[in-house]
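What follows is a short report on a single structure.
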Amino acid sequence: MKTNTQGERIVRCPQCGGDSVFAPSNKWRPFCSERCRQIDLGAWASESFRVPATPPQNPDEYGPDGEPLVH
């Protein structure tokens, strides 16, 4: 684990990969800057981060809640 001269933990910024202070002194943590935080927020808002899924084979086999219908 890396630390700075004040003993604060240094982590990788999830956006740019640079060093970021993970302490209350960094108001953008875990990001290194407001810019990296905004880029990440924009990616979430534009749905760039998604969980891969396959659509059901036959949508008629599923109810409005997404649960399979019992026949």
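Numbering (this note's numbering), first residue to last: 0 to 70. Glycine included, each C-beta is placed from N, C-alpha and C at the ideal position.
With distances taken from CA atoms, which of the options is nearest residue i?
i: C12; options: P29, A44, T4 and T2; result: P29
i: C15; options: A22, S32 and E7; result: S32
i: S56; options: R49, V10, R34 and G65; result: For the sequence presented, residue 56 should be read as Gln rather than Ser. The shortest Cα separation from Q56 among R49, V10, R34 and G65 belongs to G65.
Quick check: residue i and residue j, are their CB atoms within less than 9 Å of each other?
i: Q37; j: S24; result: no
i: P54; j: E60; result: no
Give me the DSSP bridge partner(s) of residue i.
i: V20; result: I9
i: T2; result: R8
i: P63; result: For P63, which the question treats as bridged, DSSP gives no partner whatsoever.
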